[in-house]
Amino acid sequence: MRSHKLRVVRSDSGFTIIELLMAMAFLAFLLIFVVTATVQMMRSYSKGLTIKQMNQSGRSLAEEMIRDVRFASRSSVITSAVAQGRLCLGNAVYVWNPPGSTNGENKFSNGQAVDIARLTDSSGVYCADPTRPIPLSATKVASQQVRVPEMNVNLSADGRLIKFKFVISSNGDSRPVLLDGRWQCPTGPDGYFCAVATFDETVFLRNGGG
Numbered sequence: 001m002r003s004h005k006l007r008v009v010r011s012d013s014g015f016t017i018i019e020l021l022m023a024m025a026f027l028a029f030l031l032i033f034v035v036t037a038t039v040q041m042m043r044s045y046s047k048g049l050t051i052k053q054m055n056q057s058g059r060s061l062a063e064e065m066i067r068d069v070r071f072a073s074r075s076s077v078i079t080s081a082v083a084q085g086r087l088c089l090g091n092a093v094y095v096w097n098p099p100g101s102t103n104g105e106n107k108f109s110n111g112q113a114v115d116i117a118r119l120t121d122s123s124g125v126y127c128a129d130p131t132r133p134i135p136l137s138a139t140k141v142a143s144q145q146v147r148v149p150e151m152n153v154n155l156s157a158d159g160r161l162i163k164f165k166f167v168i169s170s171n172g173d174s175r176p177v178l179l180d181g182r183w184q185c186p187t188g189p190d191g192y193f194c195a196v197a198t199f200d201e202t203v204f205l206r207n208g209g210g
């Protein structure tokens, strides 16, 4: 009789080096994708917040100016100091720091630079003297993250209409730059937190003949 021997074949379970490398490469790719997507989402969210802040600040400034213009007289509208960041509209003066004033030309009485502020000034002394410090009682129209890089104000020949066009933008390192006559956000990381909005309004002066 023949004897039959039982042969046992052992199979070593586990992963080869190639399989481990492929798994690690896949995990690394997945992590890079997740991190990149998260960063992009955070940048988009920050950009959206910046644009929203610009629009809100611009609308608030426009509404304040329209309200003051409607009750201003032609003689009380003083535009001679707009280049220095001051505009008188009847009983109110608007103050801001134009581009190039790195240290803040317009300051509060405590030395702090003015971003955008409104002050009751029926006598017009703050436009007559553009270097006059602004009292702390002035109302800040926008936060420190907002500035006015451009302001243009024009009265019609008959003094019945006033047209103002202003640009409002982000401040600090993310502020826009003037290129080819247009305010544009910089390229690179700072551009993600940059926003520019232009407002153009024409308002009727109820007391235009005064």
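Per full-length UniProt numbering, the very first residue in the sequence shown carries number 1; after that it's consecutive. For glycine and all other residues, C-beta sits at the position ideal for the given N, C-alpha and C.
Closest residue to residue i among the options (Cα-Cα distance)
i	options	result
Val-93	Leu-20, Val-141, Ser-169, Gln-56	Val-141
Ser-109	Arg-86, Ile-168, Pro-135	Pro-135
Thr-79	Thr-187, Lys-165, Asp-115	Lys-165
Lys-163	Ser-170, Gly-181, Asn-154	Asn-154
Ser-137	Gln-84, Gly-48, Val-95	Val-95
Ser-123	Val-77, Thr-139, Thr-131, Asn-171	Val-77
Gln-145	Leu-27, Ile-18, Ala-113	Ala-113
Gly-181	Pro-98, Pro-189, Glu-150	Glu-150
Rounded straight-line distance, which links the Cα of residue j to that of residue i
i	j	result
Leu-20	Phe-33	20 Å
Val-125	Asp-173	33 Å
Asp-61	Thr-36	Rather than Asp, the amino acid found at residue 61 in this sequence is Leu. Whole-angstrom Cα-Cα distance: 37 Å.
Gln-56	Asn-152	20 Å
Arg-147	Leu-31	39 Å
Arg-206	Arg-74	9 Å
Glu-63	Met-54	14 Å
Phe-29	Met-22	11 Å
Met-24	Val-39	22 Å
residue 240	Phe-15	No answer is possible for residue 240: it lies beyond the span of the chain, which begins at 1 and ends at 210.
Gly-188	Cys-194	11 Å
Neighbourhood of residue i by C-beta, 6 Å cutoff - its chain only, sequence neighbours within 5 removed
i	result
Asp-68	Leu-89, Gly-90, Ala-92
Thr-198	Val-167
Gln-84	Pro-130
Ala-81	Cys-127, Pro-130
Same chain only: Cβ atoms within 7 Å of residue i, ignoring 5 sequence neighbours per side
i	result
Thr-120	Asn-91, Ala-92
Gly-58	Ile-168, Ala-197, Phe-199
Residue i, DSSP secondary structure in three states
i	result
Asn-152	strand
Asp-200	strand
Val-82	helix
Cys-88	strand
Val-141	coil
Thr-120	strand
Cβ-heavy atom distance, residue i to the ligand ATP, below 6 Å
i	result
Tyr-45	You won't find the ligand ATP in this model; it holds no ligand whatsoever.
Contact check, residue i vs residue j, beta carbons under 7 Å
i	j	result
Arg-86	Pro-133	no
Val-203	Ile-66	yes
Arg-70	Tyr-192	no
Arg-118	Thr-139	yes
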